Structure formats: C-alpha cells, structure tokens
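Residue numbers (the numbering used here): 1 to 269.
Backbone N, C-alpha and C fix where the C-beta goes; we use that ideal spot for every residue, glycine too.
Note that the coordinates shown come from a computational prediction; the quantities given were computed from them, not determined experimentally.
Input: a single structure, listed below in structure tokens.
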Ligand SMILES: [Zn+2]
C-alpha cells in the first residue's frame, strides 16, 4: 500500500463551514459529478507517537478507504465516494480541539497491558492506536477509522466470505487462506483472521449511513457535532493519486454559492 505525502500542497484545502454537527468526517456532495468526498484531518499525540507512525497510519487509512473506488447511497441516489486525509503531529499538545467533524484526535501508545487493542469512538473523532497492532500494515488504523465513521463489526462467522471486510474484528472466523495460520482449524490457535488481509470493499462503503447527514448546501458531517473550518495542510493520498481526488488539492473545494450561503448565515447570527 504505497502512498505519497503531498507536502507541497499544504494549506490548499481550508474548509470554512458554519457550525452544525460532530463526527469523524466532513462530507462534500457534488451533485453534478455524483460524488461525495469525505475529509478527515488526524491530529496525532501520545507517548509512542513518532512522525513515521503518524504518516504510516494516515497512509494506510487513505490507501484502504480509497481502494474500492465504490459508492455510497444518499436519499436513494448513488454517489462515488472519495476520501481525502491530512494529518499533523502534536506531541506537545499545543493544538486545541477545534470541534470540527473533520478533525480526529488519535493517541499512539505502547500497550499498557497484554491484549490491549486499538480502539475508536463509534461515530466519533477520538481514538487510540497501539504500537502492538502493527500500525500501517495490519489494516488496524483503517478499521478503527471505520468505527469513527459509524461502522460496527461484521458477524464473527465469515467462513463463506471472500476477501475479508475492513470491519471484521480480530478473532473472526474466515477461510483458511485469510487465517494467521492457513493450516489451523477454524477457532483453533492461528485459526482466525490475520487482520492484514482486510480490505475496504464496495459493500463496506454501502454501510456508511450518509442518509443521517444533514447537509447545509453541499457540506455536512457524518455523526453529531460541529461543522467548522479546518486546515487540510499536509494531505496524504494513495499512490497513484486518482485524478478525481487530485483536483481537490488544486482548487478550493468551495463553490461561490456556498460562500454566499455561509456569509448570509453568519449575518443572521
Ligand atoms: Zn473494531
């Protein structure tokens, strides 16, 4: 899962949006292109956080969530789904929480106890990644982000499933080739999913509850909370960068219509 960091494109995406709801992604809906773009900016902290782990985690999330090139449903209509991520490290804890649904705060820690597993608030913006989870390679970060988007685990018995979905939990029973040990009996030691095999499938995107989003013009939050500006500097995209995502980095995502809408909203209050 190779990816690149487009440092030169820093600060090109500044999302100026009125307050509305909190969640783990800010959505922009383009009716003409029938496309919905999910924006998330990660702020990493924690005793085990390093610039490399922050980058690797964000790259993994970006690669997997853009991989299926699938679509989401909104009000019965199909929209292509794109995911754009950026990140910052904040070891000194100097960045206050903006409250924006686009801003997700993640601690990277060494496990305190054996068996500690990474976690994320459901439909939320706060998570903890443990270094014991092979961050950047095991698909764990993308799985946790899926919880942030509101997805729960799939059923634990998946012996008939093909490629494992991103929301298969550790311990899920899968076809032998997706096990830690392909020759182990299902449920025996080594006889459950090796998380590295998980992928974000088109059917996983379809489970995102975009219908719950209250769009203001073309923007909205997946989850509860506030729609608020957040810098999308230091964007991380999968390689090769899909042209449809690249254009977002080259121009402001805001249409003139939306700016006017925001102005009038500001004057009203
Ligand atoms: Zn989980």
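What is the DSSP secondary structure of residue i, counted as helix, strand or coil?
i	result
residue 30	strand
residue 149	coil
residue 21	Confidence at residue 21 is low in this model, with a pLDDT of 39, below 50, so the placement of that residue is unreliable and no value is reported for it.
residue 193	strand
residue 139	coil
residue 226	strand
residue 235	strand
residue 63	helix
residue 213	coil
residue 132	helix
residue 183	coil
residue 98	coil
residue 54	helix
residue 205	helix
Just the Cα atoms here: how many angstroms apart are residue i and residue j?
i	j	result
residue 230	residue 183	48 Å
residue 233	residue 189	44 Å
residue 235	residue 118	23 Å
residue 195	residue 139	6 Å
residue 201	residue 107	27 Å
residue 21	residue 185	Residue confidence for residue 21 is low, a pLDDT of 39 falling below 50, so the modelled location carries little weight; the figure read from the coordinates is stated next. The straight-line gap from Cα to Cα measures roughly 46 Å.
residue 169	residue 215	31 Å
residue 134	residue 112	16 Å
residue 98	residue 105	10 Å
residue 67	residue 178	19 Å
residue 141	residue 32	32 Å
residue 220	residue 181	43 Å
residue 228	residue 198	32 Å
residue 87	residue 109	17 Å
residue 171	residue 192	5 Å
residue 37	residue 156	30 Å
residue 64	residue 116	23 Å
residue 150	residue 43	19 Å
Identify the residues that DSSP records as bridge partners of residue i: which are they?
i	result
residue 37	28 and 82
residue 127	106 and 120
residue 220	27
residue 157	173
residue 89	44
residue 165	199
residue 71	80
Could you check if residue i is buried or exposed, using at least 16 other CB atoms within 10 Å of its CB as the buried criterion?
i	result
residue 137	exposed
residue 47	exposed
residue 114	exposed
residue 152	exposed
residue 297	Residue numbering for the chain in the displayed model covers 1 to 269; residue 297 lies beyond these limits and cannot be assessed.
residue 176	exposed
residue 29	buried
residue 41	buried
residue 187	exposed
residue 210	buried
residue 79	buried
residue 164	buried
residue 95	exposed
residue 92	exposed
- Task: Anything with a beta carbon under 6 Å from a heavy atom of ligand 1 counts; list them all in chain order.
- Result: Here the list is 143, 147, 153 and 169.
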